[in-house]
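S.K.:
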Amino acid sequence: MKLALPIISAIFIVHGQNSCFKGSDDCKFDKYTALIKKAEEEYNECTRPNTCDCLNQRFKDDLAVFSKGVNQNDFEKARSFGVHYQIIDRKLYRQENCMFAFRCSGVEHFILSVINQIPDCEFILNDRDYPQVLKSHQPLPIFSFSKTKEYADIMYPAWSFWEGGPAISLYPTGIGRWDLTRNVIKKYENFELKKIFFKIMLLFIFFIISRYLDFCFKLFFRRADLMPFKKKISKAFFRGSRTNSERDPLILLSRRNSDLVDAQYTRNQAWKSDADTLGQPAAEEISFEDHCSYKYLFNFRGVAASFRFRHLFLCRSLVFHVGEEWVEFFYMFLKPWIHYVPVSQLNDVEVLINYFLKNEAVAEKIAQRGFEWIYKYLTIENIECYWRRMLRQYATLLKFEVKRNRTLIQITK
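Shown next as C-alpha cells:
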C-alpha cells in the first residue's frame, strides 16, 4: 500500500503537467493553438510596394518546366487540349469554335486590356474545368485555371473574375465582375455605426415609398459592414449543390446539431429528386451577402477549385477550407491558420468549430487577415498585371516564329 501511493501521486503529477488526455477535445484544442502559433511565427507577408510583384512566383514556378524553351513540336501537340489563341501586332486572334463562349469572353477581356504590352505569341488555353498535363507525362504548354499537384499546366486567372462563372437563380448570367463585388463592400467599410444607423433609418422611410429600396439596401450596405464579427450568427454555414459526397458529413452534422451548423444542399442542373440532396428537399440558394451574417463559412472544391472561395473572404467571416488539392493561381499566397482554417477531413470538424467558438478573438483575427489579403492583393489591376507578366514571360520561351493562322478570327471586345 505504501508503494502504491507514490505511483498514484506520480500519475496525477504527470497528468497535471500534460493538461490533456490524448484524443480528448482539450488535447485537440491545444493542437490547434500550437498550429496557429507556429503559422504566425513563420509567416512573412510580402511588403513590396507594387502588390502585383507579390504574385509573380506562381507563373514563374509554372513556366520553370520550360526553361529550355517551347518548340514548335511541343506546341502542335498541345493544340488539341484547348482553344488556340494568337497575339500578333497587338491584335488578338482565336479559333472560331469555343466550347464555353462566356469563359472565352471573360479571359479575352483581360488579354485585350494588356494586349498593347504583349509581344507576338500563341498559346493554348484550356477553358474546361480539368487540367490537362500530368507531371508524369511530357510537359506541354497548356494554360488552365486550376490544377492539383499532379499536373503541370500553367495557371491563369479564371474567366469568372470578369464573367462566365456558375449561373444560378440569384446570378442568372453567371458569377463575375469581381471588381464590383469588392468595391461595393469596400465603399462603406469605414462608416461609423451611428452613420450607418442613420442611413438605415432613411432607407426604412424610403422603403415605404418604394419596394425596390430593399435591393438598394443590400447593394450598398453589405452585411459584412453592418455586422461586426461579434454580432454575426455563431454558426458554421454552407449552401451549395451536392457536387460530390465530400460535403455530406457537414450536411449530416447540421441535421444532427443545427445549433452548431447550418448546412444544406441546393439544386443543380442534375437535380431530379430529394435523393440528389441527401434525402431532403433542396434548400433555397443564398446570395453572397447573406453568407456574411455567419461567423464561420465553409468552402469545398467543386469539379475543380471553387469560385466561391475568394468571395467568402469578403464577408470578414472565418473561412474553413476543406481539402487543399485543387488550387487557383492565388492560392499559394493564402496561408493556413493565417488567412483561413484548413480542413483535411471532416472527422473532427465539430471539435474544430467548437474551438473557434471558444476562441472568438482568434477566429476574428484570422478572418480579418483573410479579408485584408484578398482585398489588398486580389484586385482587378493585379489580375491584369498578372496576365501581362505571365504572357510576356511565356512569349520569351517560344523557340519558333509566330505566323498568322488565317483560320483564326480576330477578337476585338
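Residue numbers for the sequence shown, in mature numbering (1 follows the signal peptide of the UniProt record, and there is no 0): -16 to -1, 1 to 397.
In this text, a Cβ means the ideal position worked out from N, Cα and C, and glycines have one as well.
All values reported here derive from a predicted model rather than from experimental measurement.
1. Let me know the secondary structure DSSP gives Phe384 once reduced to three states.
2. Is it buried or exposed for Glu29, if we count other Cβ within 10 angstroms and need 16 for buried?
3. Is it the case that the Cβ atoms of Thr250 and Arg292 are separated by a distance below 8 Å?
4. Quick one: grab the DSSP three-state call for Ile350.
5. What's the call for His275, buried or exposed, on a 16-neighbour Cβ count within 10 Å?
6. Can you tell me where the alpha helix (DSSP H) with Gln377 in it begins and where it stops?
7. By Cβ distance, which residues of its chain are closer than 6 Å to Gly90, with the 5 residues on each side in sequence left out?
8. Taking the alpha carbon of Ile322 as the point to measure from, which residue in Ala347, His295 and Ile337 has its own alpha carbon closest?
9. Given that a residue counts as buried once 16 or more other Cβ atoms are within 10 Å of its Cβ, and exposed if not, what is His93?
10. Please report the residue range of the alpha helix (DSSP H) in which Gly148 lies.
11. Alpha carbon to alpha carbon, what distance is there between Ser64 and Ser277?
12. DSSP three-state label for Met211, please.
13. Report the option in Asn81, Asp37 and Trp255 whose CA atom is closest to the CA atom of Ser225.
14. Could you tell me whether the segment 67 to 84 touches the segment 382 to 397, using the rule of 3 or more Cβ pairs below 8 Å?
15. Spatial neighbours of Ser218 within its chain, please: CB distance less than 7 Å, with the 5 preceding and 5 following residues excluded, ordered by chain position.
16. Am I right that Ile358 and Val325 are in contact with their C-beta atoms under 8 Å? What's the rounded C-beta distance?
17. On the criterion of 16 or more Cβ atoms from any shown chain inside 10 Å, does Asn283 qualify as buried, or is it exposed?
18. Ends of the beta strand (DSSP E) at Gly90?
19. Using DSSP bridges, identify the partner residues of Val67.
20. Check whether the segment 235 to 253 and the segment 264 to 275 are in contact - that is, three or more C-beta pairs closer than 8 Å.
21. Just checking my contact of Ser130 with Lys216 at CB under 8 Å: how many whole Å lie between their CB atoms?
22. By the three-class DSSP mapping on this structure, what secondary structure does Thr227 have?
23. Give every residue of the same chain whose Cβ lies closer than 7 Å to the Cβ of Val54, excluding the five residues on either side of it in the sequence, and list them in chain order.
24. Which class does Thr132 belong to by DSSP, given the choice of helix, strand or coil?
25. Would you report the Cα separation of Cys105 and Val327, rounded to the nearest angstrom?
26. Taking the DSSP output, what are the residues bridged to Val54?
27. Please determine, among Val333, Gln377, His295 and Ser238, the residue with the shortest C-alpha to C-alpha distance to Phe13.
28. Using the beta-carbon count (16 or more within 10 Å), is Gly263 buried or exposed?
29. If you reduce the DSSP assignment to three classes, tell me which class Pro103 lands in.
30. I need the straight-line Cα distance from Asn100 to Arg376, nearest angstrom please.
31. CB Arg166 to CB Leu298, shorter than 8 Å?
32. How would you label Glu173, buried or exposed, when you count the other beta carbons within 10 angstroms and need 16 or more for buried?
33. Please name the residue or residues paired with Arg78 in a DSSP beta bridge.
34. For the candidate residues Asp113, Arg372 and Val386, whose alpha-carbon lies nearest to that of residue 402?
35. If Leu281 and Phe213 are in contact, beta carbons under 8 Å, what's the gap, nearest whole angstrom?
36. Helix, strand or coil for Ala289 per DSSP?
M.R.: To lay it out plainly:
1. As a working mapping, residue 384 is identified with position 400 in the sequence shown. In this structure, Phe384 counts as coil in the three-state DSSP scheme.
2. Position 45 of the sequence shown holds residue 29. With fewer than 16 Cβ atoms within 10 Å of its Cβ, Glu29 is classed as exposed.
3. Walking along the sequence shown from the start, residue 250 turns up at place 266. Walking along the sequence shown from the start, residue 292 turns up at place 308. In this structure, Arg292 does not lie closer than 8 Å to Thr250 by Cβ.
4. One-based indexing of the sequence shown puts residue 350 at position 366. Reduced to three states, the DSSP call for Ile350 is helix.
5. Position 291 of the sequence shown, counting from 1, holds the residue named residue 275. By the 10 Å Cβ count, His275 comes out buried.
6. Position 393 of the sequence shown, counted from the first residue, corresponds to residue 377. Start and end: Ile364 to Ala379.
7. Mapped onto the sequence shown, residue 90 falls at position 106. Once the five neighbours on either side are set aside, the close Cβ partners of Gly90 are Trp143, Trp146, Glu147 and Gly148.
8. Against the sequence shown, residue 322 aligns to sequence position 338. Here the closest residue by C-alpha is Ala347.
9. Locating residue 93 in the sequence shown gives position 109, where the first residue counts as 1. It is buried - the Cβ of His93 has at least 16 other Cβ atoms within 10 Å.
10. By 1-based counting over the sequence shown, the position of residue 148 is 164. Per DSSP, Gly148 belongs to no alpha helix (DSSP H) and is neither H nor E.
11. The count along the sequence shown starts at 1 and reaches residue 277 at position 293. The count along the sequence shown starts at 1 and reaches residue 64 at position 80. For Ser277 and Ser64, the distance between alpha carbons rounds to 46 Å.
12. Within the sequence shown, numbered from 1, the residue matching residue 211 stands at position 227. In the structure shown, Met211 sits in coil (DSSP, three-state: anything other than H, G, I, E or B).
13. In the sequence shown, the residue the question calls residue 225 occupies position 241. It is Trp255 whose Cα lies nearest to the Cα of Ser225.
14. yes
15. Along the sequence shown, one-based indexing puts residue 218 at 234. Taken in chain order, the residues that qualify are Lys279 and Leu341.
16. By one-based count along the sequence shown, residue 358 stands at place 374. By one-based count along the sequence shown, residue 325 stands at place 341. The Cβ separation is near 15 Å, so there is no contact.
17. Here the question's residue 283 lines up with position 299 in the sequence shown. So Asn283 counts as buried.
18. Working through the sequence shown from its first residue, we reach residue 90 at position 106. No beta strand (DSSP E) holds Gly90; the alpha helix (DSSP H) holding it covers Ala85 to Val98.
19. What you label residue 67 is simply residue 83 of the sequence shown in a count that begins at 1. DSSP output for Val67 lists Leu109 as bridge partner(s).
20. yes
21. The residue given as residue 130 occupies position 146 in the sequence shown. The residue given as residue 216 occupies position 232 in the sequence shown. About 30 Å; that fails the 8 Å criterion.
22. The residue given as residue 227 occupies position 243 in the sequence shown. Three-state DSSP puts Thr227 in coil, outside helix and strand.
23. Position 70 of the sequence shown, counted from the start, is the residue given in the question as residue 54. These residues qualify, in order along the chain: Pro125, Leu381, Leu382 and Lys383.
24. As a position in the sequence shown, residue 132 is number 148, starting the count at 1. DSSP places Thr132 in coil when its eight states are reduced to three.
25. Taking the first residue of the sequence shown as 1, we reach residue 105 at position 121. Taking the first residue of the sequence shown as 1, we reach residue 327 at position 343. Taking the straight line from one Cα to the other gives about 41 Å.
26. The count along the sequence shown starts at 1 and reaches residue 54 at position 70. Answer is Leu382, bridged to Val54.
27. For the purposes of this step, residue 13 is taken as the residue at position 29 of the sequence shown. Checked all of Val333, Gln377, His295 and Ser238; the closest Cα to Phe13 is Val333.
28. Within the sequence shown, the letter at position 279 stands for residue 263. So Gly263 counts as exposed.
29. What you label residue 103 is simply residue 119 of the sequence shown in a count that begins at 1. Coil.
30. Locating residue 100 in the sequence shown gives position 116, counting from the first residue. Locating residue 376 in the sequence shown gives position 392, counting from the first residue. Approximately 11 Å, taken between the alpha carbons.
31. One-based indexing of the sequence shown puts residue 166 at position 182. One-based indexing of the sequence shown puts residue 298 at position 314. The answer is yes: Cβ separation under 8 Å.
32. Counted from its first residue, the sequence shown places residue 173 at position 189. Summary for Glu173: the model assigns pLDDT 40, below 50, so the residue's position carries little reliability, and this model does not support an answer.
33. Walking along the sequence shown from the start, residue 78 turns up at place 94. Its beta-bridge partners are Tyr69 and Ile393.
34. The chain is shown from -16 up to 397; residue 402 falls before or after that span and cannot be answered.
35. Here residue 281 is taken as the residue at index 297 of the sequence shown, counted from 1. Here residue 213 is taken as the residue at index 229 of the sequence shown, counted from 1. About 12 Å; that fails the 8 Å criterion.
36. Reading the sequence shown from its first residue, position 305 is the one you call residue 289. Reduced to three states, the DSSP call for Ala289 is coil.
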